[in-house]
Structure formats: structure tokens, C-alpha cells
Amino acid sequence: MECRHCCRTFTTVKEVREHERVSHEEKVRRKQPQRWKCTYCHLEFLSRHGRDSHVVTHFSNVMDEVWKSLDDMQHEVSAMLNECPICSCVMGSRKSFRMHVIHRHLIIDPETFISKTNVKVEVKEEVEDPLYERNLEADATTLRRSLGPRDSLSLPFFTNCSMTLELPIVFVANGVVLPGASLKLPIRSKNNMGTVEKYLLDKSSKTIAVGYRLSQEKMFEAATQVAVQQVTCWTFNSHVQYTLHVVGLQRISVDRISTSTCVATPLRDVTDEKTATLGEEFLKIVKPFIEKSDNVEITVQLKRLAEEKNFGALVDLFVSQLKNVSYVQQLEFLASRDVNARLQLCSQWIEDQISSTRSVPSSGTSSLQKALALKDPQSWKKVSRSTGGHKSPVQAVEEKLKQMALPEGIQDKVMGEVERLKSMNATQSEHNVLLNWLELVAALPWNVSENTEIDLIKARTILEASHDAMDDVKQRVLEHLAVCKLNDSVNGVILCFSGPPGIGKTSVARAIAQSMGRKFQRVSLGGIRDESDIRGHRRTYVASMPGRIIEALKTCRVNNPVILLDEIDKLYAGNSGSPSAALLELLDPEQNNAFHDHYLNLPFDMSNVMFIATANDLSNVEPALRDRLEIIEMSGYGLKEKLNIARRHLRARQLLKHGICPDYLTLDDGAIETIIEEYTMEAGVRQLERHIASVCRYAALKLAEACNDDVQADVVPDLQLPIIVTPLHIHRILRGKQMNRIKVVESMRPLPPGVCFGLSVTADGGRVMPIEASKSDGNGKVTTTGKLGKVLEESVHVAAAWLASNAKRLEMTPLKNYDIHVHLPEGGIGKDGPSAGCGLAAALASLATETPLRSDTAITGEISLSGHVLPVGGIKEKVLAAQRERLQRVVLPAANRQQIEKLDDDVKREMELVLVENIDQVIAAMLENRLFSKL
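If you read the sequence shown in the numbering used here, its first letter stands for residue 9, the second for the next number, and so on.
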């Protein structure tokens, strides 16, 4: 099938008809002549689009008469050259004068302009130009000669008298252009930008239609025909945007819309005998505004329309300046052809806004100005300043301070500063400093407290529900809350939770605040080196600010919150003082009832605040600060504890975060155990929760792909639910994240003589530390490597000295004829501490007897030169580390029996715990072949 216009071929009749409708409908319409009427002499022409040669000739004659008439008027009144006779504006050149006349008067209100200039034009009779195609070039030449290059190919002064108009159209979703009003339209959408580039940038059209969207797919029935005065182009990051400066010409009704053009019918105003009466009543209402408005251009136009009794144009222009008129109301106003209805509608809006108390800015403003709130920001600012409708910051903070009940002694000082501020000039530098200080004083909760009551049953329930294991910690917290309940005060012991990361120190503090019914505020102290971060900067410094404690109270707005001092072990002393020393006053119950912040410089009562601290390594806490704290040790979790935590808390929390229904994903215990044993090596559960989140993301991807676009579907036909995750799935989901520490321990088996597994405690929990010793011919020299600290080096020498003194008793080969080399792997990590003596002694004994030690056993403990085994710390962390490494036996000092009894029953059943009191028992427990009867 071929198109009748362009001979393009198609496969079906439907495609041909659609192509002709879209591509050739505009060309077909343009071939039909339309009737055009001259605005000045009302002569009608028959033309295809208003630019045929006879129309252009008539237009040139009209413009010549216009300029001649204007020149005569200026000579008669001896007016200044290039002065507009309508608005008395003076232009800089003749060209700018003509542009002003065309765009400001001829387009907007040509009838008034013609009546004042008395333009008379002799024209020929109506004819149809048969040579349309040949006269296009002549038409363009005539237009450029008449208007200049800026307005070439544009005839905005001829009205289409046919029943329909064909106009380019742009669509907006807010802002209505009423006839006679000016507006700036931002053009951002792809369709609107295409219309601008096609019809406006090449000056092919100066008149367009503005359509109004009610929704993405629905358009309002009425539109506005506008004249485009200016097109502004903006470019930002390769993104082009246009702004159209338009003036409304007339109402139109859109009949048909294509891609970028529309066919519309003009909507003419309808008046009757009541229009004059309603118009006079309307003038009485708006006359005070017209007289007091500061917008000169709008005022001149409104006065002119009022004098001419052109009530339709008057009400259109007035409504266009109203601010508190909604988009829907403006569309309703635009669609009304009845001038009486528009007058009544505008009058009703003004009366409603006058009677509304919400729009009253101040008592001294006139009721009309209060109600209108017109789009004249400069005028409204003047009204606000003159009537006191705007409170200054000084007045606002003074009023707030007067309403507060400040403590005795502080009220007088603060109000004195207020009076000093009022006497200052706003341009003084100290004005803003003092104003900021007063705003801080007004924002602090001096006497604002929450009514809280400690409920021990509720506290126990919250702690049990939010945390598994940690029975000792929960018991100590409940004891502390009981004391606070009996004393009716929290000003006493400062709790400090100490332990590796990820074991729940912060969450326990949050649970305490929840059980007490108090607000919780966390203050992070990690990395602070400046005392001013705690106590604030003095106001004399530039950019001074209060300390973190005062900022925390300002944020929570009560003076009895629970404040968590997080990571106090990571405070560092620098050139600007010691932050730890600044905390001494804050955490001392005898002093914190009058805490002084350098910026506030007023005593603030901190006795109602409950402080809780956390730390990973207490050895980094200064002794004076540690003396203020009651330390609660929190150790890591075992396998069963981690499994319960993951089952009860972590899995549900991650399913909620990822938007997965619990019925859609099944993560069995075997999969969780695989994650714990093979993909984590930590005392806490942070890494475990990250891996569970990875599993949830895996399930979320499967669900999203199966649901496609309908993510709210209750039935997923293409996926078998629930998604079951097994250990095999874990290896596929977490590929590349498997820990390699277990492989290192297994690769060292069977152990050669001189090698054993020691235990240590770090800030991240317990860990297994291999100890290696070798000998070579020499004279008894001892060499240590692995970045050992001074305490560890001394432990090596103590173990070597004890073996040398007891070699004969134990029937061992003395090591005095050998050089000994002791090494602890991972030399890039510094190692120190008093818990490796037993391991070193066992390794040297194995080296001396050339007998390997047991490869399923780890050991910890310190030794003395006389052979006694001394107690060490971190028993639980070390036993859990050995359990994670799949070791079955642990040799521990007998002096740590009390800490061993606190271990979980599951751990004690799974692990064989051997208690020793001296080095002889250590060697006997560690050697695989007990060859020595004396041991």
C-alpha cells in the first residue's frame, strides 16, 4: 500500500491511514484557505495561513500609518523623541521604541491603541492569492523590511476569523496564563522542548497555545493563546532548558491535539445588561488596592481598564495578580466565558480571604492587603516592616527566655545579656555571637524532665527479649537499676561496658534507657584529641561552639536522658589538653551538679543524667578516669549463643530491612552454623549479621525477578516458596569470603617438636597464636622475632632459665649448647602481654626432648622463675577462640578456677579444660608421649 501524498509503501491499510493522519494532516489543513481579519480596520482576507502577499502588503500599510501617526502626535505635543504616548516610557533608539509599541500595546490591547492614534488605512478589496508558493520569498522580504530581522515572518496583529485555529502547543502542570497577563514558563519536558525548538527558535511562530494538565494523561478543556515575547535558553551540565516570556491573548477551547500542535476554537467574552452593575461593584472593592499598589506597570494597566469599563480584561488582569488562588480555581476562572460569572467569582475570593484570620499577618495591616497577599514581594515587605508583621530574632529569643523558668542566679545574668544585645547595632560582630549564645540558652532543657519510673519487671523483660546469654551483665544492670529505684536518683555509679566489638554494648545501654522510659543519646568520643570537644570553646574565639555534652542535651530536649559515652578508650591527649581529664568533672557525682561548659559559661546540673560508657581495651583508659567507672566485662559469644542470636534476632531484623516476608525465606540452623564456623572469626556477631544480609539479598533478587513489575503480589507463580538456604547455598552465596585461619591450624598438624598453640586476647576478642621454637648449634643465645613486646621477651628468658635449671631433674638435654630462636607468626602485628609463659615453656621443653606436643590442645598462663603458673585474664575469650579453631583441649591456670566456673555448660561439655598449678603439670599435659616418670 502507498501513501497518496509521499508514495511511501506500507504493508497494511491501517498503517497507511495512521501515517497520513500523523504526517500529512497538517499539510492537508494548510491547503484549505481561512478567513483573517485585520485588528485595526476589521477588513477580512482569505488566506491559507495569514502570510500571503496581499495580507503582508496590507500589514505593511498599517504599520506605516502607525509610525506616521505616532510621529505626528509627538510633534504636536512637542514630546520627547521615542516617548510612548500610552505609558510615557522613553526608549533609547527608534528600533527599541517600535518594539515597545508592538509588544507592549499593539499585541495586548490593539483597539485602545488605534483609538488613541487614529490610524486610517486605505485597503483593497478581499482577494485570494493564487500564487501562494511563488510569493513566499516576496512575503518574507516585505516582513523583514517592515519589522526588522527580529520579528521577521511574524504577523501577530491578524486574527483568524475561521472557526478553528492551528497553533503549536506546550503543556504546563501549574500556573495559568490569563488574557492580558505576563508569565514566565519554564520548559523542561521533552515534548515541550521539541515544540520550542521546532516553532519558536527559528522564528516560524510567535503565537502558541498553552495547555493545562490535570494529570499525566488528562488535559483541561480550556487553554490560552499567548504571544511569545522572549525565549531564554539555559544550559547546565549539558542539559538544555528554556524559559518563555509570554503574554496572554485570548481564551481558546482545544478541539484536537497532535504531537506538538493543536486545533482550537476562540472563546469570546459574553456580557449582558448586568455586567456594568457588577463591574462597578467590583471596582469599589479593588480600587483601594489599585491606588496603593507599588507595581507601577500593573497599576497603570488596571487604571486604564477601569476607565474604559473593560471589565472582562480588568478582572482577568486582577486575578492574574492574586497569590492565594489555587491551580484548579484559576482553571475554573479561565474556562468561564461569562464576564458576570468571573466578576462574581473574583469578588467571592476577595471576601473569603478578607474574612479568613489565617492570612492576617498583623493587626496594623489593612484588611484588603491582608487578604490579597498579591504577587508583589517588595510591596508586601514594606507593609510587613511598617506594621510590625515580622518579629526580629532578638524579639523572638527574648520572648522565649521570658517564658522559661531558668534557675536562680542564671535568670538575671541571661536577661542582662538580652538587654545588652538590644542596645547593640546589628552590624557589630559581637551581635551575632551574643544572639547565638542566647539561642543556645533558650534551647537547653534547664528544668525540663521526663516523668520516669523504674520498673524492674519491665527492665528484666526488655533485657531478656533483646539479648541472649550475658546473664552476669544483665544481673549487674538490674542491680544497678534497683539501687537507682531505691535512692530515687541515678547520680552514683557510672557503668562502663568493656569488651570486643559487636557483642552488644551499645544495645544494652539502649535497652537500659528503654526500660527506664528515658531518651537515649549517643556521644561518640573516638579519636577526640581536643579538650574543647568535651567542654566547648570559649566565645571569644571565631566559630566557637559548645561541647558535645551540651549539644547532646540540646538535641534530646530533656535534662534526664541516658547518655552513652562511646569508645572512651580511644581518647587521645594532644596539644590542646586531655579529653579524658575533661570527663572527670562530668562523671564525678560530687561535681557534675554544676558542670561548666566553656561556651555556655553557666553552671548546668548534670546530676539527673545517667551516664554509661563503653570501651574495647581498658588498658588505654587513663587511671584517673578508670577510677570513676565501674567496669562490667562483656566477653564474646560461643557457637550456640551465636546460633540463638542469629535465629531470634539477626534473621528477623535482616528480613525486615530487605522487605522479605518471613514465610518466603528459610535459613536453617545448618546454614547458620556454616556461616559461623567457616565465614566468621569474631567475638561478636557483626560479621555474622553481614553474611545473613548477603543471604537476604540473594533471596530478594530471586523474588524480584519472579515478581517482575508486581512486587506486591501475594502469589509468585514462577518461584517455589519458601526459598530454602542450605550449607551448599551458603558456599555459593558467600564465595570468596571463607576464613583461612582453620586451614592454617590444620596445615600445621602434626606439630613438630618446639611448636604449640598459645592463646591471646585482643580488642576483637580471643584468638589462637601459634608459638614456634627451633635450635641450632651455638652457645645458648636466645633470639626472638615476630614483633614481640618487652613482656613477651622477658617471658621467653624466664622459660629458658627455668628449663636450664631443671634440665637435670627432668633428664632433658640442656639447651646451653644451642642457639634458640623463638618466633610468633604474623610479624606485622605487635604482640605483648603476660599470658604466653606456659606456652613458651612447653615449646622449649618439646624442643629439648625432641618430643612433639599435642596438636589438639591450646595453652595459656604465665609462669614464675620458681615454676609456678600464675593467673591471667580473658579466660572466656580464649576458650571461645580455641573452640572456634576446633581445638578440643585447653590448658588453663588453676588460679582461674572462678572464671572457668562461669563458662557456659555447653562450652564445658564440648571442651576439655585442664587446670595446672606448675610447669611440671604443663609439660605433662602438653606432651603426647609421657616418657618421664618424674613428671
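All C-beta atoms in this analysis are idealised placements derived from N, C-alpha and C, irrespective of residue type, glycine included.
- Residues of the same chain with a CB within less than 6 Å of the CB of T240, apart from the 5 flanking positions on each side, are T251 in chain order.
- The shortest CA-to-CA distance from L673 to any of L446, H737 and L310 is the one to H737.
- Its chain contains S355 and I358 as the residues whose beta carbon lies nearer than 7 Å to that of I293, once the 5 sequence neighbours on both sides are disregarded; these appear in chain order.
- In the pairwise beta carbon analysis, the stretch 256-271 is classified as touching the stretch 213-232: at least three pairs are separated by under 8 Å.
- Apart from the 5 residues on each side of it in sequence, I418 sits with its Cβ closer than 6 Å to the Cβ of L610 in its chain, given in chain order.
- DSSP places Q529 in the uninterrupted beta strand (DSSP E) bounded by F528 to S532.
- In the structure shown, P822 falls within a coil segment according to DSSP collapsed to helix, strand and coil.
- Residue environment: A602 is assigned as exposed (fewer than 16 neighbouring CB atoms within 10 Å of its CB, all protein chains considered).
- A distance below 7 Å between beta-carbons, with the five flanking residues on each side excluded, links L696 to the following residues of its chain, in chain order: K650, A654, L658, I683, I684 and T688.
- Under the three-state reduction of DSSP output, T770 falls in the strand class.
- Taking a 10 Å sphere around the C-beta of C669, we find fewer than 16 other C-beta atoms and assign the residue as exposed.
- Out of P569, R547, G510 and N499, the CA that lies nearest to the CA of R530 is found in P569.
- Residue pairing by DSSP places K783 opposite I828 in a beta bridge.
- Three or more Cβ pairs drawn from the stretch 533-552 and the stretch 573-585 lie within less than 8 Å of each other, which places the two stretches in contact.
- Here P879 carries a coil assignment [DSSP, helix/strand/coil].
- Taking 4 residues as the shortest admissible run, the stretch 847-915 contains the following complete alpha helix (DSSP H) segments, listed from N- to C-terminal end: 883-892 and 905-909.
- Assignment of F228 by DSSP, reduced to helix, strand and coil, places it in the coil class.
- Contact annotation: the stretch 408-427 does not touch the stretch 466-486, with fewer than three C-beta pairs closer than 8 Å.
- Inside the stretch 623-663, DSSP marks whole alpha helix (DSSP H) runs of 4 or more residues at positions 631-635 and 647-653, from first to last along the chain.
- Here DSSP, grouped into helix, strand and coil, assigns C564 to helix.
- Annotation: A812 to L878 spans about 20 Å, alpha carbon to alpha carbon.
- The three-state reading of DSSP puts D360 in helix, counting H, G and I together.
- Per the DSSP secondary-structure output, M777 pairs in a beta bridge with G766.
- Given a length threshold of 3 residues, each whole run of the beta strand (DSSP E) inside the stretch 252-305 is given here in chain order: 269-275.
- Around the beta-carbon of I465, fewer than 16 other beta-carbon atoms lie within 10 Å, marking it exposed.
- Per DSSP, P761 lies in no alpha helix (DSSP H) and is assigned neither H nor E.
- Rounded to whole angstroms, the Cβ separation of V501 and E638 is 5 Å, and the two are in contact under 8 Å.
- In the structure shown, the three-state DSSP call for M618 is strand.
- Contact holds between the stretch 816-833 and the stretch 790-801, because three or more Cβ pairs, one in each stretch, are under 8 Å apart.
- The stretch 860-877 makes no contact with the stretch 619-628, as fewer than three CB pairs between them are under 8 Å.
- Per the C-alpha coordinates, the member of D280, S344 and A490 positioned closest to P187 is S344.
- Its chain contains A844, G845 and L848 as the residues whose beta carbon lies nearer than 6 Å to that of S803, once the 5 sequence neighbours on both sides are disregarded; these appear in chain order.
- With fewer than 16 other beta carbons inside 10 angstroms of its own, W242 counts as exposed.
- The DSSP assignment places complete beta strand (DSSP E) segments of no fewer than 3 residues inside the stretch 554-616 at 570-574, in order along the chain.
- When the Cα atoms are used, V703 and I741 turn out to be separated by approximately 7 Å.
- L489 places its beta carbon 9 Å or farther from that of S457.
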